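**Q** Here the working numbering = 1-based position in the sequence shown + 16. In this text, a Cβ means the ideal position worked out from N, Cα and C, and glycines have one as well. All values reported here derive from a predicted model rather than from experimental measurement. Following this message is one structure expressed as structure tokens.
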Amino acid sequence: MKGRVSAAALILTGTLLLIMLSTAHGQIPLRDPNGRCLLECHGDPEFKEETAPGQYRTLYVDYEQFKLSVHREKLCVDCHTDVTLIPHERRPEEIHCLQCHYQGNVVGAPITERPEKYKESVHGKALQHGNPDAPDCRNCHGVHDARAPYDSLSTVYRMNIPKTCGRCHLDVYTVYLESVHGVAVTRGVPEAAVCSDCHREHDLLSPQDPRSSLYPMNVAGTCATCHANEELMHQVGISAEQVEAFKENFHGIALEFGVLRVARCTSCHEYHLILPSDDPRSSVHPENLAQTCGQCHPNATDNVAKGKFHLIPSNPEAGIVFWVSQFFKWLTISVLAGLFLHILLDLYGRLRHKATGG
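Laid out in structure tokens, this is it:
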């Protein structure tokens, strides 16, 4: 009888202890398949390893965040495949997201061609060349807290992308926040351009690469994604004809013929610090146009500010350019019509002369 009481007391004590541990580590259910990893080690916020004298790396996994992640149904060992014993004695090997996210995978992991393109990107190449600071999947998507792109708390949610990129590109992020695009994002405008709209996502290439969205010959097309969208431009009060106007002027035509040194959108409007033309800091503010144009045209004076830009000859707002274009259009039509009429009259005369036996 005494032995049974002792056994019952031991079981009760053990159960209470496990309940206390569960409570102390974020209410981790004992039935959770990952419970042992979290209860014994990784559920402790103070659990960390020393990577160098006085430097520590946290090994804590926030269970509440993990439950909300896209991997909440996965086991720890699904990613950490080299872990066979818990607790494990050595540090697990680096995980590879492509062990699940590949074409034809059997676990149902989402897949596009993008992960493969990462290897050719500036980030992928930097990683291959041994740069320890080069970002991989985890730096952008998160680790145990990875969420779907449509989740507003996701690091790759559209409105959060600038902040995510800013973790590494802090200087650029700071400048971007002051731009028309950054201000719009801060105000919650979902259509505002974010980093990935211009630089792309996994296939982010160097501007010197002809395949890059920022290669000189491709910049206008990249900007046109938004700026040639009439519905979108109408919402923000900007003309959607500017891209077409650029393509019809000297700079656009020269680019079409492969002259890479000619000005493109970013040559005048800047890259990240794109400001309204009425902002004194803007590169296209009237007071700054001589300096901006002077980058290519050393003799440019303040007179350039008196001219009009992004003109479309067929638009009456182009002023004298419109009337000159109209004059030459109708002159050409008149000459061709006169020539055609002359041919018809000549043909008529010949046929008539032949019919009368002349």
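(1) Quick test of your reading: Ala236 and Val259, contact by CB under 8 Å. State the CB separation rounded to the nearest angstrom.
(2) What is the residue span of the beta strand (DSSP E) that Tyr72 lies within?
(3) Using the Cα positions of His112 and Leu276, report the straight-line distance between them to the nearest angstrom.
(4) Measure the C-alpha to C-alpha separation of Leu360 and Leu352 and round it to an integer number of angstroms.
(5) Kindly list the residues whose CB is nearer than 6 Å to the CB of Val122, restricted to its own chain and excluding five residues on each side of it in sequence; keep chain order.
(6) If we count the other Cβ atoms within 10 Å of its Cβ and call it buried at 16 or more, is Thr97 buried or exposed?
(7) Return the chain-ordered list of same chain residues with a C-beta closer than 6 Å to the C-beta of Ala240, the five sequence neighbours on each side being excluded.
(8) Just how far apart, CA to CA, sit Leu357 and Gly274?
(9) For Asp78, which of Pro61, Leu91, Glu66 has the nearest alpha-carbon?
(10) Apart from the five residues just before and just after Asp161, which ones in its own chain have a Cβ nearer than 6 Å to its Cβ?
(11) Please state whether DSSP places Thr308 in a helix, a strand or coil.
(12) Taking 8 Å as the cut-off, decide whether the C-beta atoms of Val201 and Met233 are in contact.
(13) Does the structure place the region 200 to 214 close enough to the region 309 to 319 that three or more beta carbon pairs sit under 8 Å?
(14) If I measure Cβ to Cβ from Pro332 and keep anything under 8 Å in the same chain, skipping five residues before and after, which residues do I get?
(15) My output table needs one value for Lys179: the three-state DSSP class, helix, strand or coil.
(16) Check Ala162 in the structure and name its three-state DSSP category.
(17) Going by C-alpha to C-alpha distance, which of His285, Thr180, Asp152 sits closest to Glu110?
(18) Taking the Cβ atom as the reference point for each residue, do Leu75 and Glu66 lie within a distance shorter than 8 Å?
(19) Pick out whichever of Ile177, Glu194, Cys184, Glu217 has its Cα sitting closest to the Cα of Pro206.
(20) Could you check if His58 is buried or exposed, using at least 16 other CB atoms within 10 Å of its CB as the buried criterion?
(21) Compare the Cα-Cα distances from Val99 to each of Cys53, Tyr166, Ile328 and report the closest residue.
(22) State the start and end residues of the unbroken alpha helix (DSSP H) segment that holds Thr238.
(23) Give me, in chain order, the residues of the same chain whose beta-carbon lies closer than 6 Å to that of Val188; leave out the 5 immediate sequence neighbours on both sides.
(24) Are the CB atoms of Leu305 and Arg297 nearer to each other than 8 Å?
(25) So His157 and Thr171 are supposed to be a Cβ contact under 8 Å. How far apart are they, rounded?
(26) Let me check understanding here. Comparing Cα to Cα, which of Gln144, Glu56, Pro131 lies closest to Ile102?
(27) Rank Val159, Lys83, Ile254 by C-alpha distance to the C-alpha of His326 and give the top, closest one.
(28) Within the continuous alpha helix (DSSP H) that includes Thr348, where are the two ends?
(29) Restricting to Cα atoms, I'd like to know which of Ser330, Lys324, Pro148, Glu303 is closest to Asp318.
(30) Pick helix, strand or coil for Thr190, following the three-state DSSP scheme.
(31) Count the other CB atoms, across all protein chains shown, that sit within 10 Å of the CB of Gly140; report buried if there are 16 or more and exposed otherwise.
(32) Out of curiosity, what's the CA-to-CA distance linking Glu272 and Ser293?
(33) If I follow the unbroken alpha helix (DSSP H) through Glu260, where does it start and stop?
(34) Please name the residue in Tyr134, Leu114, Cys92 whose C-alpha comes closest to that of His104.
(35) Between which residues of its own chain and Pro223 is the CB-CB distance below 7 Å, once the five residues before and five after are set aside?
(36) DSSP three-state label for Glu247, please.
**A** According to the structure data:
(1) 6 Å
(2) 71 to 74
(3) 39 Å
(4) 12 Å
(5) none
(6) exposed
(7) Sequence-distant Cβ neighbours of Ala240 in its own chain, meaning closer than 6 Å and more than five residues away, are Val259.
(8) 41 Å
(9) Pro61
(10) Gln81, Ser85
(11) helix
(12) no
(13) no
(14) Phe338
(15) DSSP places Lys179 in helix when its eight states are reduced to three.
(16) coil
(17) When each option's Cα is compared against that of Glu110, the closest is Asp152.
(18) no
(19) Ile177
(20) Of the other Cβ atoms in all chains shown, 16 or more fall within 10 Å of the Cβ of His58; this residue is therefore buried.
(21) Cys53
(22) 235 to 243
(23) Counting only Cβ-Cβ distances below 6 Å, and skipping sequence neighbours, we find His288.
(24) no
(25) Between the beta-carbon of His157 and that of Thr171 there is about 6 Å, and that keeps the pair under the 8 Å contact cut.
(26) Selected option, being the one with the closest Cα: Glu56.
(27) Ile254
(28) 336 to 371
(29) Comparing Cα positions, the closest option is Glu303.
(30) helix
(31) buried
(32) 27 Å
(33) 258 to 264
(34) Of the residues Tyr134, Leu114, Cys92, the one whose Cα lies closest to the Cα of His104 is Cys92.
(35) Leu230, Tyr231
(36) In this structure, Glu247 counts as helix in the three-state DSSP scheme.
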